[in-house]
Amino acid sequence: MKPEPRARIGELDPAELRGALAGRGLVLDCGAARIRVRSDVAPLAGMLQTLYAAYPVQGADGVFDATVRMHRGRGVRRVFRPQVELLVDGERPFEPFPADTPVPLLEWGINYTIATRLNNFLLLHAGVVERDGRAIVLPALPGSGKSTLTAALATRGFRLLSDEFGVVRLADSHLLPMLRPVALKNESIDIVGRWAPDAAMGPRFPKTRKGTVAHLAPDAASVDRRNQSARPAVVIFPRFDAGTEFELTPVMRSRAFARLAVNSFNYELLGPDSFDALTRLIGLSDCFELRYRSLERAVDELGKLVAKSDPIH
Amino acid sequence: MIPARERLPGHVRLLLDALVDASGCASLGDDQWDVLIRAARAARLLGVLAARIGRHAPLESFPEPIGRHLLAASKVARFRRSKVELLVDAVGRQLSKLDSPLVLLKGGAYLAQGLRLAEGRLPADVDLMVRRTSLDAAEQTLLAAGWEFQKTDAYDQHYYRAWSHELPPMRCVGQAMELDLHHTILPPLGRLKPDTGELFAAAVPVAATRFAVLCPADQVLHAAAHLFQDSDCIDRLRDLVDFDGLVREHSAADPGRFWTALIERARWHHLQRPLGYALAFARAWLDLPVPEPATGAVTEAHPRGPAAWAVGRLAGMALPPADPDGERSWAAKSAGHALEFRALCLRMPAGLLAYHAGMKLVRSFRRPADTPPAAP
Amino acid sequence: MTVQFSACAGLRIVHLDDESVVFHPKTWSSHLLNASAAAVLEFVIERSRSRDEIETLLARLLDPAEQPSLLRHVDGVIENLRLIDLIHEA
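Chains as they are written, first to last, in my numbering: chain V, 37 to 349; chain A, 16 to 391; chain C, 180 to 269.
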């Protein structure tokens, strides 16, 4: 069904990419979902080429998880305080964004669509990385610094599955990749920039509702393994804390279960399926709360933790 | 007056073909699946489509992402179903002592009766009909049990109670669905007045529950009237699919008896026109079989004249979902507006209509328009 | 005739460390139960129990130092389980 990838998006001639985007569409294969993007917004093509550089080029015919279209605002909004608008399969579920922030709108729109549609999986709101076949789940709570930590792990030898979605397969509770550019905000952008100076970052968008936003492009190794699942091994509730160098405290698994359930996109919707999948996931995992200020130490210790975690309890 | 199926846009034809014969989906190409899934989703029929496909082959046997689209849609429908059952269970206990039958309408009824057409549907609320004389008691009992009216202003409350056939929607902590309490099936001041007493008299109890449902013929008539009397038809293909499903299921055991009862009761309730429209569309678009003996009566019920021609054309444009690759055409939107106006006219006498339209205009200036969820 | 408590049919219980999580098949809600609440629930799932039987169970499970407050504890546990529809009066 899918054509063999001829090249990566980053290798395409920019004119060819613009043409695809304005025509049948550009395909973003995130692993657990494939999104088709169509747009005539000229600056978007170059930005997507940076953020999705490592992703395979795929034909835009066939069946996709969603088709999203971004176009410029209509009428007066084309020129006066110009806007960009996102349509998902013809519906307009979002407010338009200022025209100079197309990527945040696209990324947020795709995430929203995945979160509301992909109900064949249990969708946790979490970052997920993997090493040696074992996954670390990092639930997303405000102020947790989850994205910074996920980005740091992903640029130091961990495979990136996602920074936003813990996609849990119902049959065996394995995590599946939903590979998306990692959204970083404000200080986090500079922190990750210093941490991984060679990592590809997209443009900065200074005036979004969340402050300044930029995205880290997923690396080729993670992209190439986007269809590989990972066994859950560790659940970490991170909290960036300037007063603590590094502290890892075990969390009762029952409490971890509850915290993951409330931090999920569709736990309630799936009823018995999500209860079974999440209890199995927790049963397979060691659960901790992490307080840290040293990214170096956190990454180092988590690496040791994953290497040590015994799959048989 | 009704556009023939072959003349409908490609995405609509694909959807109708798949609903009529789900087994045919096995031979669809990828591009066709793409259009079909997106059209079904736009029409809120993806769950119904998945249920029909699932009767011929397990959903897991379809290649990805087709399989997961269908599976996800059926999970959503299953969730909605559990929420309806939870509400019906609670309300059955809360209203057990009410001096009136508790007649479930529409989706709540289809689930309680275990009708096949209920599978994959996406109910958003539960409609319950009680006798007008018991309406106040029902309202008080529910309020005491923790139900609350949605925040409505005095005008809305007045509109609902005085002019409508239902109370404003009610919500309750712990219930995901809304409860709509009715005392008849169509707006009471409207042009068409079904015999409410007959609706109750002929209602059929649901075994082992406190509830009843409309008799088969009345259930079919309600579905037709709901669509062709009381709505603007925009994107309401799913209501036509319900109508078609009801006729098929209710006529299966004894077609002769069912069709006779349907035609007779349509006359009794003065609902021949909406029935005529619904049958015409269901035959044209969903291949609804009408047996020989009934065709004569059905033809007699078939609406005629310029008004009928207009409704046929307008509904034909408004009913199907928009092309997922485009936006709803201006013409289709206008068709919807025209039908909304028609429904409003049918709902209330002319004097009240002007007052209502005026109030809506005034309020739209006073209240900020609803906006979709803002970006985080 | 003493009041008997019985459990809702079809509850799914999973033990995670010292606590339990429960899924209610009708409301589709999930609950977190501490050790004593979980013990009472499983006791009642086995068969209908009276308040006295539940009190006896808790007396066996709880720390002797907590005995004076046991009376309050029994009613509290039963009421909490009842409020979330896990048990009801038979």
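All C-beta atoms in this analysis are idealised placements derived from N, C-alpha and C, irrespective of residue type, glycine included.
Asked                                                                                                                                      : Found
Every unbroken alpha helix (DSSP H) inside the region 219 to 265 of chain V [4 residues or more]                                           : 223 to 231, 256 to 260
Selection of the region 22 to 35 of chain A by Cβ proximity to chain C, strictly under 7 angstroms                                         : none
CB contact check: Leu182 of chain A to chain V, cutoff 8 angstroms                                                                         : no
Neighbourhood of Asp254 of chain A by C-beta distance below 6 angstroms, restricted to the same chain and skipping five residues each side : Leu242
DSSP three-state assignment for Asp259 of chain A, whether helix, strand or coil                                                           : helix
The region 303 to 315 of chain V touching the region 30 to 43 of chain A, judged by at least three CB pairs closer than 8 angstroms        : no
8 angstroms CB neighbourhood of Arg147 of chain A in its chain, flanking five on each side removed                                         : His198, Thr199, Thr211
Run of the alpha helix (DSSP H) containing Val35 of chain A, from where it starts to where it stops                                        : 25 to 35
Residues bridged to Val139 of chain V [DSSP beta-bridge criterion]                                                                         : In the DSSP output, where bridge partners are listed per residue, Val139 of chain V has none listed.
Selected residue, minimal CA-CA separation from Ser246 of chain A, among A:Asp340, A:Ala353, A:Arg263, A:Asp49                             : A:Ala353
C-beta contact flag for Gly145 of chain V and Phe157 of chain V at 8 angstroms                                                             : no
Among V:Leu84, V:Arg44, V:Ala43, the one whose alpha carbon lies nearest that of Arg54 of chain V                                          : V:Leu84
Test item: CB-CB of Thr184 of chain V and Ile227 of chain V under 8 angstroms                                                              : yes
Inter-stretch contact at 8 angstroms, needing at least 3 Cβ pairs: the region 126 to 141 of chain V / the region 93 to 112 of chain V      : yes
Of the listed residues C:Arg230, C:Lys205, C:Glu234, C:Val223, nearest to Leu102 of chain A (C-alpha basis)                                : C:Lys205
Pairwise C-alpha distance: Asp269 of chain A and Leu119 of chain A                                                                         : 24 angstroms
Candidates A:Val188, A:Val221, A:Leu182: closest to Pro202 of chain A by CA position                                                       : A:Leu182
DSSP three-state assignment for Gln119 of chain V, whether helix, strand or coil                                                           : strand
Cross-chain neighbours of Val93 of chain V in chain A, by beta carbon under 9 angstroms                                                    : Ordered by position in chain A, no residue passes the 9 angstroms Cβ test against Val93 of chain V, which lies about 18 angstroms from the chain.
Distance between Leu196 of chain A and Ala297 of chain V (C-alpha atoms, nearest Å)                                                        : 34 angstroms
Option in V:Leu189, V:Arg205, V:Gly193 with minimal Cα separation from Asp199 of chain V                                                   : V:Leu189
Beta-carbon neighbours of Ser97 of chain A, restricted to chain V and to distances below 8 angstroms                                       : Gly307
Supposed contact pair Ala127 of chain A and Val228 of chain A - C-beta distance, whole angstroms, cut 8 angstroms                          : 6 angstroms
Contact set for Ala186 of chain C: own chain, Cβ-Cβ below 6 angstroms, skip 5 residues either direction                                    : Val223, Ile224, Ile266
Extent of the continuous alpha helix (DSSP H) to which Gly202 of chain V belongs                                                           : It is not in any alpha helix (DSSP H) - Gly202 of chain V instead sits in the beta strand (DSSP E) that spans 201 to 205.
Under 8 angstroms between C-beta atoms of Leu244 of chain V and Pro140 of chain V                                                          : A small correction: the amino acid at residue 244 of chain V is Thr; Leu does not occupy that position in the sequence shown. The answer is yes: Cβ separation under 8 angstroms.
Partner residues on chain A for Thr206 of chain C, Cβ-Cβ distance less than 8 angstroms                                                    : Leu101, Gly189
Chain C within 8 angstroms of Phe293 of chain V, Cβ atoms only                                                                             : yes
DSSP three-state assignment for Ile192 of chain C, whether helix, strand or coil                                                           : strand
Where the alpha helix (DSSP H) containing Thr211 of chain A begins and where it ends                                                       : 211 to 216
is_contact[Arg83 of chain A, chain V] using C-beta, thresh 8 angstroms                                                                     : yes
Chain V contacts from the region 186 to 200 of chain C (Cβ-Cβ distance under 9 angstroms)                                                  : Arg191, Val193, His194, Leu195, Asp196, Asp197, Glu198, Ser199, Val200
Interface residues of chain A facing Val99 of chain V [CB-CB closer than 7 angstroms]                                                      : Asp45, Trp48, Asp49, Ile52, Pro80, Ile81
Inter-residue spacing [alpha-carbon to alpha-carbon] between Ser229 of chain C and Phe273 of chain V                                       : 42 angstroms
Residue closest to Lys182 of chain V, alpha-carbon to alpha-carbon, out of V:Val342, V:Ala343, V:Lys344, V:Glu325                          : V:Glu325
For Trp162 of chain A, three-class secondary structure by DSSP                                                                             : strand
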